[in-house]
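Structure first, commentary second.
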Amino acid sequence: MYDIASIYEAKSVDDAVRALKEDPGALVIAGGTDVLIKVREGRLAGCRLVSIHGLSEELSGVELRSNGDIEIGPLTTFRGITESPVIQAHIPVLGEAADQAGGPQLRAAGTIGGNVCNGITSADSASTLTALDARLRVKGPRGEREIPISQWYQGVGKVNLAPYELLVKLVIPRENYEGYTGHYIKYAMRSAMDIATLGVSCLVKLDGETVDDVSLAFGVAGPVPMRAYGAEAAVRGLPIAQAVREIGRAALEDVTPRDSWRASKAFRLQLVEELSGRALAEAARKGGAAV
Ligand SMILES: Cc1cc2nc3c(=O)[nH]c(=O)nc-3n(C[C@H](O)[C@H](O)[C@H](O)COP(=O)(O)OP(=O)(O)OC[C@H]3O[C@@H](n4cnc5c(N)ncnc54)[C@H](O)[C@@H]3O)c2cc1C
């Protein structure tokens, strides 16, 4: 039994913004895979919902713009991300990350927008979007604004969305993916249908066998998805084999994991150290390095 007081099906993004403004307590629902669980558990019992589920024309799909930027509609499902020819051709690591969320039913219903708007550090798309330095375009009563993902996560379950704002686009600037290869590792206690104990996403740009540039990001290594800027700086310019050996130890200085019922802080630190090197090695192999 779902205890929902009302649900309004928005006709357009502007209509959704208007409906949210008219009913300040109402909550956006997209795929519903988070919201409906909370309703069912009673945490959102009696809620009022504004559904954007029907706005696929405005809010779904992946597009390669003429300037090379990739624009992703927030209603694009995990499966839509993985199967997108644009993602497969230009940022396959994001499709691989999306493909590790939940099971087939979840990937057919859950959206990438919901995955970043829930503000959860374990979200499978979040560390790769963080490594890609994605930009999040939101729309509210005062128009649009664009937020770098580094300023998006504001605490556990809290994101940089003002009242009545909707996420309307995720933008991956061309310079953030072109020339890079990437790899995402989800460490979980089970190999399917489990939330990440730790997620690590690494992008690397090679100059022969040397690291020209690297971007390393984690989920569950702190309260929000995070970049490991110190580790990146430590291995830039190093031969790739040396970088693979050193990046994990350097990353320990960047992260702030905690104990949870899923895993201890000590275990998460061990994962950070070990998986950073593995993710970098695999990303470099995809870029042609013999490491
Ligand atoms: C069985 C199960 C397994 C799961 N496994 C995983 C997993 O392995 N990995 C993983 O990362 N996640 C997992 N999840 C979590 C979930 O599927 C994702 O977080 C999903 O991406 C949420 O998307 P949604 O469209 O269903 O969001 P919804 O439930 O519709 O919304 C989620 C939140 O985002 C807000 N929101 C959604 N879209 C917008 C928007 N465009 N603008 C503003 N706010 C918005 C909503 O208001 C709500 O607060 C699992 C969930 C279930 C039920």
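So for the sequence shown, our numbering puts the first residue at 1; every next one is plus one. Note that the Cβ used here is the ideal one computed from N, Cα and C, for glycine as well. The model shown is predicted, which means the values in this text are computed figures rather than measured ones.
Item                                                                                                                                                         : Value
Measure the alpha-carbon distance for LEU167 versus LEU59 and round it to whole angstroms.                                                                   : 9 Å
Select from THR82, PRO85 and GLU165 the residue whose C-alpha is nearest the C-alpha of GLU146.                                                              : GLU165
Where do the N-terminal and C-terminal ends of the alpha helix (DSSP H) with LEU198 fall, by residue?                                                        : It is not in any alpha helix (DSSP H) - LEU198 instead sits in the beta strand (DSSP E) that spans 198–207.
Tell me which residues share the same chain as ALA281 and place their Cβ nearer than 7 Å to its Cβ, disregarding the 5 neighbours each side in the sequence. : VAL244 and VAL291
Comparing the CB of ASN118 with every heavy atom of ligand 1, is any distance shorter than 8 Å?                                                              : yes
Quick one: grab the DSSP three-state call for HIS183.                                                                                                        : strand
Within a Cβ cutoff of 6 Å, which residues of the same chain sit near GLY179, ignoring the five residues on either side of it in sequence?                    : LYS205
Check whether the Cβ atoms of THR82 and GLY102 sit closer than 9 Å, and answer yes or no.                                                                    : no
Taking 8 Å as the cut-off, does the CB of ASP15 come closer than this to any heavy atom belonging to ligand 1?                                               : no
Return the chain-ordered ranges of every alpha helix (DSSP H) run that is complete within the stretch 84–145 and spans a minimum of 4 residues.              : 85–90, 92–98, 104–109, 112–117 and 126–131
Give the range of the beta strand (DSSP E) segment to which ARG48 is assigned.                                                                               : 47–51
Does DSSP put THR33 in a helix, in a strand, or in coil?                                                                                                     : coil
Relative to the C-alpha of SER125, which candidate in LEU161, ARG249, HIS183 and LYS139 has its C-alpha closest?                                             : HIS183
Per DSSP, ASP194 forms a beta bridge with which residues?                                                                                                    : Answer is none; ASP194 lacks a bridge partner.
Does the Cβ of LEU129 lie closer than 8 Å to at least one heavy atom of ligand 1?                                                                            : no
Does the distance between the C-beta of MET226 and the nearest non-hydrogen atom of ligand 1 fall short of 8 Å?                                              : no
Rounded to a whole number of angstroms, what is the C-alpha to C-alpha distance between PRO148 and ALA30?                                                    : 22 Å
What residues in its chain sit with their C-beta under 7 Å from that of PRO141, if we drop five residues either side in the sequence?                        : VAL17, LYS21 and TYR164
To which residues of the same chain is TYR177 closer than 8 Å at the C-beta, ignoring the five residues directly before and after it?                        : ILE70, HIS90, ILE91, LEU132 and LEU203
Just to check my reading of the structure: ILE7 and LEU49 have Cβ atoms closer than 8 Å, yes? What is that Cβ distance to the nearest angstrom?              : 4 Å
PRO24 to ALA162, Cα distance in whole Å?                                                                                                                     : 12 Å
Are the CB atoms of GLY113 and LEU170 nearer to each other than 9 Å?                                                                                         : yes
Is any beta-carbon of chain C found at less than 9 Å from that of GLY31?                                                                                     : This model lacks chain C altogether; it includes just one protein chain.
State yes or no: is the C-beta of MET189 nearer than 8 Å to some heavy atom of ligand 1?                                                                     : no
Do ARG227 and ALA234 have their CB atoms nearer than 9 Å?                                                                                                    : no
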